[in-house]
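What follows is a short report on a single structure.
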Amino acid sequence: MKRQGRETASRLAHKIFDAFPEDVSGLRFYILDCGCLYLQRVSPEGIPDPVIGVHREEGEVPCEICLLRAVNWRQMVIDEVLVYRIGLQVTEDE
Ligand SMILES: [Zn+2]
Numbered sequence: 141m142k143r144q145g146r147e148t149a150s151r152l153a154h155k156i157f158d159a160f161p162e163d164v165s166g167l168r169f170y171i172l173d174c175g176c177l178y179l180q181r182v183s184p185e186g187i188p189d190p191v192i193g194v195h196r197e198e199g200e201v202p203c204e205i206c207l208l209r210a211v212n213w214r215q216m217v218i219d220e221v222l223v224y225r226i227g228l229q230v231t232e233d234e
């Protein structure tokens with residue numbers, strides 16, 4: 141679960157960096173025991189977004205634990221991954 145979560149996180153990070161080249165300089169991912177992935181954007185000033193989003197693959201429904209909010213999701217965090225954009229930028233020669 142941990143490894144799979146990290147793979148999803150890095151794949152997703154690239155997608156988000158592509159979509160928001162100006163607004164996001166880092167992403168903090170929380171990998172949960174239930175398999176859900178929560179994420180928080182970090183602005184170019186290094187300020188974490190107060191809003192934490194839940195990532196789901198297309199067509200996926202929320203898992204029951206998260207849907208019912210049976211427990212605080214923070215108690216289910218098994219891993220945290222912080223991804224920065226630095227080093228990911230690609231320059232094209234033309
Ligand atoms: Zn969940």
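For what it's worth, the numbering used here labels the leading residue of the sequence shown as 141, then goes sequentially.
We put the beta carbon where it would ideally sit given N, CA and C, even for glycine.
Bear in mind the structure is a predicted one, so any value in this text is a computation, not a measurement.
A direct Cα-to-Cα measurement between R168 and V201 gives close to 22 Å. With fewer than 16 other Cβ atoms from the protein chains shown falling within 10 Å of its own Cβ, A210 counts as exposed. Taking R225 as reference, the option from E162, T148, Q144 with the minimal CA-CA separation is E162.
Taking the Cα positions, P188 is about 26 Å away from C203. As summarised for the segment 158-205, there are no continuous alpha helix (DSSP H) elements at least 4 residues long confined to that stretch. Approximately 5 Å separates the beta-carbon atoms of D173 and I218; this is inside 8 Å, confirming the contact.
Cβ-Cβ separation between V221 and R146: approximately 6 Å, consistent with a contact (criterion under 8 Å).
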